[in-house]
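As given, the protein sequences belong to chains V and H, one line each in that order. Note that UniProt numbering gives residue 43 to position 43 of the first sequence, counting from 1, and the numbers run on in steps of one. Note that UniProt numbering gives residue 115 to position 115 of the second sequence, counting from 1, and the numbers run on in steps of one. Every residue gets a Cβ at the ideal spot worked out from N, C-alpha and C, and that includes glycine.
There are 2 protein chains.
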Amino acid sequence: MNRASQFIHNFLTHRNVTIDLINKIEQGNYDFKPTETSMTAEQLVTHMLTSFYKFAAVVKAGDVSPLMAPIEDTETNLVKLADKYTSETISLLESLTEEDFDRVIDLTRVFGANLPGAHVLQMAYEHEIHHKGNLFVYVRAMGHTELPLFVKRG
Amino acid sequence: MNRASQFIHNFLTHRNVTIDLINKIEQGNYDFKPTETSMTAEQLVTHMLTSFYKFAAVVKAGDVSPLMAPIEDTETNLVKLADKYTSETISLLESLTEEDFDRVIDLTRVFGANLPGAHVLQMAYEHEIHHKGNLFVYVRAMGHTELPLFVKRG
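Next comes the structure, spelled out in structure tokens:
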């Protein structure tokens with residue numbers, strides 16, 4: 001397995017759990033937030049999906065511009081949005097070469113550092129796990145008690 | 001930097017954030033849980049601290065026995081508990097050799113697979129990020145709005 005395939009495999013052990021959780025969020029709960037200052041469920045899910053996509057696009061482009069580009073999406077169904085962004089993220093990841101993983105990208109404007117592509121992808125990966133950890137609490141607060149494990153290996 | 005030092009460095013980028021969050025939990029909120037079926041704050045924090053320690057102990061021992069051993073701890077202050085377990089976890093990690101990282105451990109009883117030490121440590125790492133993601137929602141629900149970033153690189 002090359003680095004891209006290995007990374008996609010690891011990504012999906014978490015993204016598939018994210019999708020399981022999204023499938024439990026009814027449209028009536030899109031505006032739910034567990035505390036007054038939290039993101040809504042819809043904002044959190046959209047943030048997760050678009051962030052991973054943008055991080056992958058940064059690694060592909062070799063510069064920070066995709067992170068700055070506004071996301072304009074008219075899809076209002078979170079299950080469909082997850083499906084779309086997961087497919088597009090996988091396509092981007094599949095296109096990554098060894099050179100893309102090793103290339104150092106100037107991210108001083110956003111993270112104050114120059115980072116290799118592999119490091120940016122690792123940040124995206126941990127960002128997904130972190131916010132999925134948030135999302136578990138949201139979905140439990142919506143009344144769901146049959147929840148998946150936090151990672152789905154297989 | 002050898003593998004143990006590199007892993008300890010990465011571990012602390014998250015554990016130090018966990019500790020920041022623990023410092024925000026007042027004793028009066030130890031029993032707080034965001035939903036009826038959630039762990040309490042105390043249970044969640046204790047689970048995080050003891051799990052990482054046990055995973056590290058499994059890698060050091062080369063077998064599953066530390067995961068089965070009951071944790072008996074009389075420390076009721078979560079800040080002190082975090083301090084104690086973080087120190088002990090670092091000591092264990094510092095003692096790991098290259099062979100410990102590569103040794104395959106029989107974990108069929110708990111995870112249905114034989115896994116190399118490095119893989120077990122990666123699980124511990126992701127487990128910490130996941131539950132820290134839970135803990136962020138808890139601490140926000142306790143009224144804290146000045147929260148750290150999910151990872152503290154430095």
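Residue contact with chain V for L49(H): absent (no Cβ-Cβ distance below 9 Å to any residue of chain V). According to the DSSP secondary-structure assignment, D106(H) is paired through a beta bridge with N114(H).
Here V104(H) is exposed, its C-beta having fewer than 16 other C-beta atoms within 10 Å. Between E88(H) and T18(H), the beta carbon gap of about 15 Å keeps them out of contact (Cβ cut-off 8 Å). Exposed is the label assigned to P70(H), since fewer than 16 other Cβ atoms lie within 10 Å of its Cβ.
Around the C-beta of H14(H), 16 or more other C-beta atoms lie within 10 Å, and the residue is accordingly described as buried. Judged by pairs of C-beta atoms under 8 Å, the stretch 54-66 of chain V does not touch the stretch 22-34 of chain H, as fewer than three such pairs exist. A contact between stretches requires three or more CB pairs, one per stretch, nearer than 8 Å, and the stretch 18-29 of chain H meets this requirement with the stretch 132-143 of chain H. In the three-state reduction of the DSSP assignment, A69(V) falls in the coil class. Taking 8 Å as the upper bound for CB-CB distance, H130(V) and K132(H) are in contact here, some 7 Å apart. Rounded to whole angstroms, the gap between the alpha carbons of G117(H) and A4(H) is 11 Å.
Cα atoms of F11(H) and V151(H): separation of roughly 10 Å, rounded to the nearest angstrom. Assigned with DSSP and collapsed to three states, L147(H) falls in coil, not helix or strand. At a cut-off of 9 Å between C-beta atoms, F136(H) counts as an interface residue with respect to chain V. The three-state reading of DSSP puts V45(H) in helix, counting H, G and I together. With contacts defined as CB atoms closer than 9 Å, I8(H) and E94(H) qualify as a contacting pair. L115(H) and N2(H) have their C-alpha atoms roughly 21 Å apart. Setting aside the 5 residues that flank it on each side, N29(V) is surrounded in the same chain by A41 and M142, each with a C-beta closer than 8 Å to its C-beta; the list follows chain order.
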